[in-house]
Amino acid sequence: MKLFVSEGNPHCLKVLAVLELTGVKCDVQHVNHEEKVVPFLSRTVLPALLLPTEDYLFSTNAICQYLSETSGLGTGEDSSQWLEWEATELQPAVMQALHMMVLHGKAAHASQALEGPLGYLEQSLSKRNMLFLTAETVAVTDVILWAALYPVLTGSLLQAGELKAVRAWFERVNLLPACETALQKVFKSKELDVLKGFLHKQPNPLIQQKDNQSCNQPEQMEHMMTPEEIEIVAETWSRGLHSCQEVPERQHPILPQEGKRNILLTSALPYVNNVPHLGNIIGCVLSADVFARYGRLRGWNLLYICGTDEYGTATENKAREEGLTPQQICDKYHAVHSSIYRWFQIDFDFFGRTTTQRQTEISQNIFWRLHERGFLLEDTVEQLRCENCERFLADRFVEGVCPHCHYPEARGDQCDKCGRLINAVELKEPQCKVCRQTPVIRSSKHLFLDLPKLESDLEQWLDHSMSSGDWTGNARHITRSWLRDGLKPRCITRDLQWGTSVPHPDFSEKVFYVWFDAPIGYLSITANYTDQWERWWKNPQQVELYNFMAKDNVPFHSVVFPCSLLGAQDNYTLVSHLVATEYLNYEDTKFSKSRGVGVFGDMAKDTGIPSDIWRFYLLYVRPEGQDSAFSWADMALKNNSELLNNLGNFINRAGMFVNKFFEGHVPQIVLQEEDKNLIAQVDWELKQYVQLLDKVKIRDALKCILNISRHGNQYIQVNEPWKKIRGGDNDRERAGTVTGVAVNVASLLSAMLQPYMPSVSKTIRHQLQAPLSCASAMMQGAGSFICSLPPGHSIGTVSPLFQKLEADQIEALKKRFGGQEPERRSQSEAVVKPTGSTLTDKASTGTDPERAKQLTVAVAEQGDKVRTLKAQKADKAVIGEEVTKLLELKKQLAVAEGKDPSPKKSK
Amino acid sequence: MALRELSSLEKSLGLKKSNKYSTQGDGKVPVLQNSKGPALVGLVTIAGHLVREAKSPELLGRTAEQRAVVQQWLEYRVTRVDKCPKEEVKVVLKELNEYLQDKVYLAGNNFTLADTLMYYGLHGIVMELAIQEKEQYLNVTRWFDHIQHYPGVRHHLPPVVVLRNRVYPGIHH
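Here you go:
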């Protein structure tokens, strides 16, 4: 055990006196006031006691209590109350008084600070009328309070005239030998001086230290540049926009051009029957949109293509649910998708769909070419077929008893109970999920793409594409692990109706499997955009293809689809840059349509938060490199701190100064060193931005924008143009220069924001009346900051760009979109209360243990009934009916127990 | 605030009859009128009293050392965390974060009253943290999440969302 103390420290007086009083043996080490003893504390705190358990005690009172307890004296509730009072009331008052008295010589103020606590002490002492605080004998508490008051009550420091009881008590304690010894050790009779030394090292209790560096702001990277470099940047800046030509309007159809960088950009095709959630949006269409807008600014010849993926089981399913035809479902949801993306300002060159004639033509063409070149295999597959529904059952359309654990409701692909994967034909007592009839096993001939045969071609191409292009880390990793496991033939046909029909006469009843079909959508959608689609898609020499997607889509874009195109041997353009995001979570959970958790595309606009703000936040937390999460609180914080206080504040001030001080005209600019430094700093951030976006580091590049406005705010703050404008000629010139530079930085910000927040960017440009060409001018080459608003340029009316997101508003939204308690939502489905054997529907929310009990009984009874019927080999229709009832009861039981009743859905 | 905290504490201690509290002074220090003796004043004092009433003295620490550590953090709560000026919040979080680096609970391996009261005291602060800050004070966040899920503790306070995925892995402290 070791005690660390320092000279002149009244807290040490406490522990040393208690040490004497209790007689506990302990090493005492004297250290400086500044010595850091307790490793986890930010400030030096003394005294400190190192316990035998290697823990540190840094609270003086806790040390005293500990010493007291180990010596056998103990402490009671009474003393605990005094100690709490000492720590919370007396100590702050004493520290304040000492500061005023010893360091500022203001004794009157000091007395005032102590008035309350001393009065209380006086009252307590006289009321109890005992010799000491808690008893007639001295206790640790007395020593602690004595020590706390010693510096203020001793000597001439304070006239505590009226406090008779306090004085008497104080003197009694003062005379204890333990206190005398401790005093000697701490103050050595030169009280004031050592006390001063101690106080100087303490945080000032009167002035709250201002520390505005928010801890969530990334550390600013100061880039060092030589004076020569700065001079060059400043010269470029001053030269202005003269040499730039106007940006040509976009003219459709966009086709590859000789001598230009031709970029074909695709975003993964969203599946038509799901409303996309924020994760889907950031994962592909929004990320690709930022890159497309950026590319257009850079002057690349770029075509951005996307559309809805419409074929497949899920659409058929949805159609059955909604009582529509698959085509009607596709029409309906295609419109939903289009309007969501329009609201998010996704600037596609063309947003098409896969259910078109072009899709059939191109898929069938690729199919025949693969067939002719021997890349397709035939094989027989055993499948379940429902004779009643006249169709083969996809895995999710069949249910039965698990062959492993005998769970009665195993799905065609997996058992929910034991989790094992199941081949649908292995299910015992299989049932068609639609009509509840027993399906039969039929073998069906299918076609397979011979991936092993294409593997070496694929690897050769991958080596080239990955080494020359920008593939995200996850895309490389996922692709490599697929290749490492070895490729197997993949079935490309399906026994379905809703799909592209297989043109081969032996397979006329079948359609293409969506994975084969869907990526061909990129080609067919382009073909619907322009008849000259092959100039994009059969032109690998001229065209660079960027694919944007979430990571689950990688294998289809890096392995399977390239194999189809390679095998077709038709000079197809294959992907050069594969950009895959990780997943975006919602708060701390997953987005879930069935549970109503999360924000879905169509709801975002109902929040009243502008689309640009959504874009900003989603891009700010873009899952780039690792999973990330959407959080309401974080969104509000970023909006308020980054957009409102940082970016918006800067741009608004810059414009306001021009209007207020210079009648709306950009003033004369005479650059000083300080201005050139800022210009160089901003120019460097712009170059970073260009470098990062060229590599599709969308999230990182956004930080450059925010850094620039931070620099800008600092620049205005330091130079105070609002003061200088009222000064002499020199000062007025400075005010003009600073305002002129600042408003030009604002103009640059408008350009840099264009890919991220197109509306805000446009608003700024209008407010500043900035020329349209300045954005692309500054983003040529490596990017350079140019004076785009020369002296004399007149700007428009300036108004605030952003609005604060209030805490209550965010709280309300958070509630509305689940998040906190996802399980409680979306369970307003009919819940049934059994009354005898008849069931009545009744809506309910939340759990109900009573009903759960009743339902458990009902489920058991119904289960018995079903088993009896089955044992009796009763008519199937009858059994089916009873099973349906059983399932319904189980579902209600789940609801009553507060579980999610819907079976887990797989895509 | 302190009063709701005390009534939650009573519930989590399993005390049947609930006490009536009042407050005194500008600082709204809680007061418990006691039929057996003088009134008890102060959050730590009253909380300690409740723990003894509930016959759970282990919540104040099992050994002399642990009892001292518990007292110390209780004091830290009422002196440093309560009425903590904005500029100090980060200091407090940083200190706790470093302290909790190798600990499950404030007093080491046992849950104590210090955890409960510190959790109540920090709730408002942790609520306001951005995800990025929660990650910066990872040990505090971990401890906090642990305590808010400790049986019977949370009561009057809404749960604070703690993400399992790190969003800002680049940040080190």
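As given, the protein sequences belong to chains A and B, one line each in that order.
Just so we're aligned, residue 1 is where the first sequence starts under UniProt numbering, counting upward by one.
Just so we're aligned, residue 1 is where the second sequence starts under UniProt numbering, counting upward by one.
Note that CB positions come from ideal geometry on N, CA and C, so glycine has one too.
Computed from a predicted model, the values in this text were never measured in an experiment.
CA nearest to the CA of residue i, picked from the options
{"i": "residue 597 of chain A", "options": "A:656, A:579 and A:816", "result": "A:816"}
{"i": "residue 879 of chain A", "options": "A:862, A:498, A:198 and A:356", "result": "A:862"}
{"i": "residue 744 of chain A", "options": "A:708, A:395 and A:811", "result": "A:708"}
{"i": "residue 791 of chain A", "options": "A:658, A:600, A:891 and A:783", "result": "A:658"}
{"i": "residue 356 of chain A", "options": "A:106, A:499, A:642 and A:757", "result": "A:499"}
{"i": "residue 16 of chain A", "options": "A:143, A:101 and A:194", "result": "A:143"}
{"i": "residue 24 of chain B", "options": "B:35, B:15, B:36 and B:41", "result": "B:41"}
{"i": "residue 779 of chain A", "options": "A:688, A:801, A:721 and A:818", "result": "A:688"}
{"i": "residue 866 of chain A", "options": "A:882, A:857 and A:876", "result": "A:882"}
{"i": "residue 649 of chain A", "options": "A:531, A:150 and A:749", "result": "A:749"}
{"i": "residue 215 of chain B", "options": "B:35, B:94 and B:43", "result": "With chain B covering only 1 through 173, there is no way to say anything about residue 215 of chain B."}
{"i": "residue 333 of chain A", "options": "A:346, A:345, A:344 and A:319", "result": "A:319"}
Cβ-Cβ distance between residue i and residue j below 8 Å
{"i": "residue 378 of chain A", "j": "residue 488 of chain A", "result": "no"}
{"i": "residue 312 of chain A", "j": "residue 549 of chain A", "result": "no"}
{"i": "residue 680 of chain A", "j": "residue 693 of chain A", "result": "no"}
{"i": "residue 130 of chain A", "j": "residue 136 of chain A", "result": "yes"}
{"i": "residue 767 of chain A", "j": "residue 796 of chain A", "result": "yes"}
{"i": "residue 630 of chain A", "j": "residue 286 of chain A", "result": "no"}
{"i": "residue 308 of chain A", "j": "residue 270 of chain A", "result": "yes"}
{"i": "residue 92 of chain B", "j": "residue 81 of chain B", "result": "yes"}
{"i": "residue 23 of chain A", "j": "residue 197 of chain A", "result": "no"}
{"i": "residue 73 of chain B", "j": "residue 114 of chain B", "result": "yes"}
{"i": "residue 240 of chain A", "j": "residue 786 of chain A", "result": "yes"}
{"i": "residue 173 of chain A", "j": "residue 140 of chain A", "result": "no"}
{"i": "residue 893 of chain A", "j": "residue 868 of chain A", "result": "no"}
Span separating the alpha-carbon of residue i from that of residue j
{"i": "residue 150 of chain B", "j": "residue 12 of chain B", "result": "10 Å"}
{"i": "residue 97 of chain B", "j": "residue 9 of chain B", "result": "24 Å"}
{"i": "residue 612 of chain A", "j": "residue 342 of chain A", "result": "12 Å"}
{"i": "residue 32 of chain B", "j": "residue 93 of chain A", "result": "24 Å"}
{"i": "residue 324 of chain A", "j": "residue 389 of chain A", "result": "17 Å"}
{"i": "residue 99 of chain A", "j": "residue 30 of chain A", "result": "24 Å"}
{"i": "residue 802 of chain A", "j": "residue 632 of chain A", "result": "17 Å"}
{"i": "residue 846 of chain A", "j": "residue 891 of chain A", "result": "In this predicted model, residue 846 of chain A has a pLDDT of only 43, less than 50, meaning its place in the structure is not dependable; the value taken from the coordinates is given anyway. So the two alpha carbons sit approximately 14 Å from each other."}
{"i": "residue 885 of chain A", "j": "residue 322 of chain A", "result": "22 Å"}
{"i": "residue 206 of chain A", "j": "residue 297 of chain A", "result": "Since pLDDT at residue 206 of chain A reaches only 48, below the 50 mark, its modelled position is unreliable, and no value is offered."}
{"i": "residue 696 of chain A", "j": "residue 300 of chain A", "result": "15 Å"}
{"i": "residue 653 of chain A", "j": "residue 618 of chain A", "result": "27 Å"}
{"i": "residue 87 of chain B", "j": "residue 70 of chain B", "result": "26 Å"}
{"i": "residue 103 of chain A", "j": "residue 734 of chain A", "result": "42 Å"}
Nonlocal neighbours in the same chain, by C-beta distance under 6 Å from residue i, ignoring five residues either side
{"i": "residue 443 of chain A", "result": "380 and 382"}
{"i": "residue 123 of chain B", "result": "157"}
{"i": "residue 547 of chain A", "result": "266, 557, 575 and 578"}
{"i": "residue 602 of chain A", "result": "275 and 340"}
Same chain, Cβ closer than 7 Å to residue i, neighbours up to 5 away in sequence not counted
{"i": "residue 21 of chain B", "result": "3, 6, 30, 31 and 32"}
{"i": "residue 685 of chain A", "result": "704, 707 and 708"}
Interface partners of residue i on chain D, CB under 9 Å
{"i": "residue 85 of chain A", "result": "Note that chain D does not occur in the displayed structure, where the protein chains are A and B."}
Proximal residues to residue i (C-beta, below 8 Å), its chain only, five neighbours per side dropped
{"i": "residue 741 of chain A", "result": "669, 671, 675, 678, 679 and 715"}
{"i": "residue 559 of chain A", "result": "451, 458, 479, 482, 483 and 487"}
{"i": "residue 554 of chain A", "result": "474, 475, 478, 479, 578 and 580"}
{"i": "residue 564 of chain A", "result": "366, 370, 449, 516, 519 and 520"}
{"i": "residue 201 of chain A", "result": "33, 34 and 44"}
{"i": "residue 57 of chain B", "result": "51"}
Assumed close pair residue i, residue j - CB separation to whole angstroms, cut-off 8 Å
{"i": "residue 395 of chain A", "j": "residue 413 of chain A", "result": "4 Å"}
{"i": "residue 788 of chain A", "j": "residue 747 of chain A", "result": "5 Å"}
{"i": "residue 528 of chain A", "j": "residue 352 of chain A", "result": "5 Å"}
{"i": "residue 329 of chain A", "j": "residue 276 of chain A", "result": "Not a contact, Cβ separation roughly 16 Å."}
{"i": "residue 807 of chain A", "j": "residue 636 of chain A", "result": "7 Å"}
{"i": "residue 71 of chain A", "j": "residue 46 of chain A", "result": "Actually they are not in contact, since the Cβ atoms of residue 71 of chain A and residue 46 of chain A sit about 22 Å apart, beyond 8 Å."}
{"i": "residue 418 of chain A", "j": "residue 405 of chain A", "result": "4 Å"}
{"i": "residue 399 of chain A", "j": "residue 428 of chain A", "result": "At roughly 11 Å, the Cβ-Cβ gap does not stay under 8 Å, so residue 399 of chain A and residue 428 of chain A are not in contact."}
{"i": "residue 183 of chain A", "j": "residue 170 of chain A", "result": "Rounded, the Cβ-Cβ distance is 13 Å, inconsistent with contact."}
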